Amino acid sequence: MIFKHKLSCRLAMIRDAVLVGILALISCKIPSRASLQDQPSKLIISPSSVVVPENQTADLYAVALDATGDTTNAPITWTATAGSITDTSMGAVHRGRYRAPGAPGQYKVKAHANGGSLQDSATVTVSTVSVASLGLSPSSAGIIVGRTQQFTAVPMDSAGNPLSGRAITWVSSNPAAATVSGGGLAAGVSAGSTTITGTSEGQSATATLTVSTVPVASVTVTPSSATITVGTSTQLSAVTKDSAGGTLSGRVVTWATSNAAVATVNTSGLLTSSAVGSATITATSEGKSGTATITVTNVPVASVTVSPATASIQTASTQQLSTVTKDSAGNTLTGRIVTWASSNSSVASVNSSGLVSGVAAGSATITATSESKSGTAAITVIIVPVASVTVSPASASIGIGGTRQLSAVTKDAAGNTLTGRAVTWASSNLAVATVNGTGLVTGVTVGSVTITATSEGKSGTATISVIIVPVASVTVGPAAASIAIGGTRQLSAVTKDSAGNTLTGRVVTWGSSNTAVATVNATGLVTGVTAGSATITATSEGKSGTASITVTNGTGVPDPTLPVLLNTQYSAPTGATISVPAGGDFQAALNSAQPGDQIVLAAGATYTGPFTLPVKPGTGWILIRSSTADANLPAEGQRMKPSYAAVLPKIVSPDAGPAIQTAPGAHHYRFLGVEITTTATSLNYGLVLLGDGGGAQNSLAQVPHDLILDRTYIHGNATVNLSRCVALNSAASAVIDSYLSECHAKGADAQAIAGWNGPGPFKIVNNYLEGSGENLLFGGADPSIPNLIPSDMEIRRNYFFKPLAWKASGAWTVKNLFELKLGRRILVQGNIFENSWEDAQTGFAMVIWSVNQGGTTSWAQTADVWIRENIIRHAASGVQLTDYNTDHPEFPTLYTQRVRFDNNLWLDISQANWGGDGRLFQLASSAGQLAAIKFYHQTGFESITLITIVSGQTQGFEFGNNIVNYGLYGIHTPAASDGAALALYMPGYLFAGNAVIGASAANYPIANFFPATLDAVGFVNAAAGDYHLAASSLYKNQGTDGIDLGADITAVLTATSGVDQ
800 MIFKHKLSCR LAMIRDAVLV GILALISCKI PSRASLQDQP SKLIISPSSV VVPENQTADL
860 YAVALDATGD TTNAPITWTA TAGSITDTSM GAVHRGRYRA PGAPGQYKVK AHANGGSLQD
920 SATVTVSTVS VASLGLSPSS AGIIVGRTQQ FTAVPMDSAG NPLSGRAITW VSSNPAAATV
980 SGGGLAAGVS AGSTTITGTS EGQSATATLT VSTVPVASVT VTPSSATITV GTSTQLSAVT
1040 KDSAGGTLSG RVVTWATSNA AVATVNTSGL LTSSAVGSAT ITATSEGKSG TATITVTNVP
1100 VASVTVSPAT ASIQTASTQQ LSTVTKDSAG NTLTGRIVTW ASSNSSVASV NSSGLVSGVA
1160 AGSATITATS ESKSGTAAIT VIIVPVASVT VSPASASIGI GGTRQLSAVT KDAAGNTLTG
1220 RAVTWASSNL AVATVNGTGL VTGVTVGSVT ITATSEGKSG TATISVIIVP VASVTVGPAA
1280 ASIAIGGTRQ LSAVTKDSAG NTLTGRVVTW GSSNTAVATV NATGLVTGVT AGSATITATS
1340 EGKSGTASIT VTNGTGVPDP TLPVLLNTQY SAPTGATISV PAGGDFQAAL NSAQPGDQIV
1400 LAAGATYTGP FTLPVKPGTG WILIRSSTAD ANLPAEGQRM KPSYAAVLPK IVSPDAGPAI
1460 QTAPGAHHYR FLGVEITTTA TSLNYGLVLL GDGGGAQNSL AQVPHDLILD RTYIHGNATV
1520 NLSRCVALNS AASAVIDSYL SECHAKGADA QAIAGWNGPG PFKIVNNYLE GSGENLLFGG
1580 ADPSIPNLIP SDMEIRRNYF FKPLAWKASG AWTVKNLFEL KLGRRILVQG NIFENSWEDA
1640 QTGFAMVIWS VNQGGTTSWA QTADVWIREN IIRHAASGVQ LTDYNTDHPE FPTLYTQRVR
1700 FDNNLWLDIS QANWGGDGRL FQLASSAGQL AAIKFYHQTG FESITLITIV SGQTQGFEFG
1760 NNIVNYGLYG IHTPAASDGA ALALYMPGYL FAGNAVIGAS AANYPIANFF PATLDAVGFV
1820 NAAAGDYHLA ASSLYKNQGT DGIDLGADIT AVLTATSGVD Q
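Letter 223 of the sequence shown, counting from 1, is numbered 1022 in our numbering, and no numbers are missing.
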């Protein structure tokens, strides 16, 4: 159609009036023809030029005309040299929406038609958008001198859109503290602060930068050691360095001495000595220190002068000598050690203080020596005549045929004893008694006689009475015995005449050769004081008999035998990896896995059991683990926690049965980083069953072995009755670094871990264990394997814990924290036992006994248990020890033996706080067979009774070097208390080196201590929980073993560090 019928259509034919033409064409609104034979011959784009801001849009229009000037429906395409353009055409008029790029400049937009043979273009000028604001990060930072910090600035327009390509300038307000480069990189120059400003097109933003100095990492003192004499000085120097070893200058150094009495140091490090000794000089800068060891010695002795230089003394008399020591300048030196010696001690002797004694006529040189320098004095000894003779005893009685040795002492006129003088002896009546040349008198017949001793014409006499049937011998029984410190032993003495006839009614006196080791009373009762030997002598009428007594640190009973420990060190798998995705067949993976393989379960996925660990050939391990990276799990030796649950695969039991169980004889499986729980709504009998606790497992060949739960999270929930989290009825099995919780039941026992039908060894190390009945129990059911006793257990660094919410709610049946009914060779070390209250039982933290539970286990025994470096706190009572199952005395059994406690801390054992009986230690030996029970270095505080003896005698009981509270009743039994109770119920006991707070010394064995109050013990800070003994404590190093009384608190805290975290 030719456009002539309307002016607007005619305008469209004016090719140069592009915009007007385009608008005219639009206004024509001429419908398209059904077929258009003419091809387009002209393409017009409008506007031909346009200005667009950065990143903004503008519309361009294009129309294709045929040769007659009419519009065509020919397709049109768009291109742009920069930015983008989108076709939004309708009908014959084509519209292109152009989006400008972020860079300003001129660009071309083209429209193409007829296969590209026709085209037209428009010029687009992209203009710059002004910067309206600047974002700067970080807004604040801190660096040390010499380090850098990168700052970044982002220009934005008024709408908050980021603008690129804008110039930014950077300025530091304090270049002395830090400079900034053109790229925003700040560099620390010196300590201080500065403001970093970024500016673009007049807009600015700031950040605060703080610069600190390089810290001192080490201080070295030179010289590191020195020896100087008293009164001299030496200069010390200190070099400060950073962590890279670079020397730091200008740092403040302070100086201090450990012993100002020996050496002082001024602020510049000048050392001045004051007295002999040693001191440590410390230089400190910015919290870091270095030391030098200084030894101060005396000025050496150069000469020794003895006064008087010569002296004459008589035999048996003395002369005091003195010395003067001087240095090389002739100055007198005081306080020096002087030793004395005689050149002829048979003439004159000298003691350590220079006192010379005349021995016999003659000459001797006395030498005084100090620090290898000597001086001498010449001594002449002359004889003094005898002035008197004294015979002793002055009177005595002997039997016919008996003898008595007399002695004679000769003295000069001054009363000085004279030695070496000849003495002759004579009897006034040889028919009654004779005397030989040495003064030995022999009775001949009944009567009285005078014995005379004569020397140099001077005489002395003794009166001797000869009587009938004297005691000829004294025999002490037993002739030898061993007792413990604080223990006693009754000796007897039998007197006989010379014919061997027993004499009665004779007076016997007793004596000890070493009362520091053992004392003896008038009736022959010996008491051990300290370890060592002593001879006990019984004497009657001059005759004596002896017994050899050995006092030991113990009763002689053996210590427990320690367990064989299980090695659970992780080794990476070497075989194939079997991945089980969410919804995959875990049991099929278990069935197909071979030793050395690992089964990877998807983190966060749930696998519903039960799953059975099958038997595999060989001894390689099969690892079952989470798909998460090792970095997302606790490291080996670190405990699993519920917070890791999101990255753990979850293995669940849907009902009362287990999630994991073993085929008979299954072995070498290790679980790492998995969660095991139940979705049961009311009851589950056990989540992980390693081995079979019933009659089906009745031989060792059926016992699964080499099974490890490593860094696992095993738990019930807040409402379900869960009998136990893990059952260990296996061999060579371990639960390590794991978290076991919500193991509880009402009206029945529940445990975190229990075992009774597996031989061990077992390793239970670094776990959180939460169980309502017993947190950990061995025994409680009879093993089906003949003669089996779970053995070789390592129980270390576990947190045995009952939540106090259970006490408040009463929702679960609570008994104790740790119970042994069946077990041998057990080490319990470095654990924390917390919260045990009166509920289904009286609330003992620990219960240890030998129990034939159902009457079929006649071999049942608990023995060789060593409990050391543990903390037991917040319990109704401490530990109960019983020899056998008193609930069923008709069941045959063996007996509890060899249980030892060392370095344990017992806190808040309180009836008021936790109910029960408030007893620290309780012993029940109903059959009299509880044996070898030892408590050493315990620190414990209970409210009612220190030791409760329920029944029977305990054999080999030792209680030494403990700090314990007397409470209300101390040592209590139905028939006696305190020391009397020990004598009655603990034959041959040891009770020594103990500090019993508030007890009466009169009621206890000797060799113990009795502070009146807790404060009198001398703890560092008992109120704050620091039970180390202070340096001023009276009980430092007072143990029978020479060390502090009570628990070694440092060892306890080291062993339990981090256990309750």
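All residues carry an ideal CB built from backbone N, CA and C; glycine is no exception.
None of the values given here were measured: they were computed from a predicted structure.
- Counted as a single uninterrupted DSSP element, the stretch harbouring residue 1390 is not any beta strand (DSSP E) but the alpha helix (DSSP H) occupying residues 1385-1391.
- In the structure shown, residue 1607 falls within a helical segment according to DSSP collapsed to helix, strand and coil.
- DSSP lists 1190 as the bridge partner or partners of residue 1207.
- Rounded to the nearest angstrom, the gap between the Cα atoms of residue 1779 and residue 1803 is 8 Å.
- In this chain, the alpha helix (DSSP H) harbouring residue 1784 covers 1777-1784.
- Taking 8 Å as the upper bound for CB-CB distance, residue 1114 and residue 1183 are in contact here, some 6 Å apart.
- A residue is called buried when at least 16 other Cβ atoms come within 10 angstroms of its Cβ; residue 1324 does not meet this threshold and is exposed.
- According to the DSSP assignment, residue 1563 belongs to the beta strand (DSSP E) that extends over 1561-1564.
- With respect to the C-alpha of residue 906, the residue from 1585, 915, 1202 and 920 having the closest C-alpha is 920.
- The count of Cβ pairs closer than 8 Å, one atom from the stretch 1428-1446 and one from the stretch 1376-1389, stays below three, leaving the stretches out of contact.
- In this structure, residue 1658 and residue 1588 form a Cβ contact; the two beta carbons are roughly 7 Å apart against a cut-off of 8 Å.
- For residue 1004, there is no enclosing alpha helix (DSSP H); the residue is found in the beta strand (DSSP E) stretching over 1002-1011.
- Relative to residue 1463, the option among 1482, 1149, 1504 and 1754 whose CA is nearest is 1504.
- For residue 1032, the CB contacts under 8 Å within the same chain, skipping 5 residues up- and downstream, are 1069, 1070, 1071 and 1072 in chain order.
- Inclusion of residue 1249 and residue 1230 in the CB contact set at 8 Å is not warranted, their separation being larger than that value.
- Non-local beta-carbon contacts of residue 887 in its own chain, meaning distances under 6 Å to residues more than five positions away in sequence, involve 894 and 896 in chain order.
- With contact defined as three or more Cβ pairs closer than 8 Å, the stretch 1189-1199 and the stretch 1119-1130 are not in contact.
- Within the stretch 1626-1682, the beta strand (DSSP E) runs of at least 3 residues that lie entirely inside it are, in chain order, 1631-1635, 1643-1647, 1661-1667, 1670-1674 and 1676-1681.
- Per DSSP, residue 1848 is one residue of the alpha helix (DSSP H) stretching across 1848-1855.
- With contacts defined by Cβ atoms closer than 8 Å, residue 1571 and residue 1605 form a contacting pair.
- The C-alpha of residue 993 is placed about 23 Å away from the C-alpha of residue 1000.
- For residue 1711, no beta strand (DSSP E) encloses it; the enclosing alpha helix (DSSP H) starts and ends at 1710-1713.
- Sequence-distant Cβ neighbours of residue 1351 in its own chain, meaning closer than 7 Å and more than five residues away, are 1281, 1283 and 1330.
- Annotation for residue 1439: no beta strand (DSSP E) segment contains it, and DSSP assigns it neither H nor E.
- Straight across, the Cα-Cα distance linking residue 1399 with residue 1377 is about 6 Å.
- In this structure residue 1342 is buried. Its beta-carbon is surrounded by 16 or more other beta-carbon atoms within 10 angstroms.
- Our two residues, residue 1807 and residue 1318, have alpha carbons roughly 15 Å apart in a direct line.
- Collapsing the DSSP output to three states places residue 1813 in coil.
- Burial check for residue 1449: the Cβ neighbour count within 10 Å reaches 16 or more, so the residue is buried.
- CA-CA distance, residue 1553 to residue 1508, rounds to 14 Å.
- Taking C-alpha positions only, residue 977 is separated from residue 989 by approximately 7 Å.
- Considered as a whole, the stretch 1746-1777 harbours 1754-1759, 1762-1764 and 1769-1771 as its complete beta strand (DSSP E) runs of no fewer than 3 residues, in chain order.
- By the C-beta criterion, the stretch 1738-1755 is judged not to be in contact with the stretch 1368-1375, since fewer than 3 inter-stretch pairs fall below 8 Å.
- The beta-carbon separation of residue 1629 and residue 1858, rounded to 7 Å, stays under the 8 Å limit for a contact.
- Here the stretch 1202-1209 makes contact with the stretch 1221-1239; the two share three or more CB pairs at distances below 8 Å.
- Around the CB of residue 1545, fewer than 16 other CB atoms lie within 10 Å, so the residue is classed as exposed.
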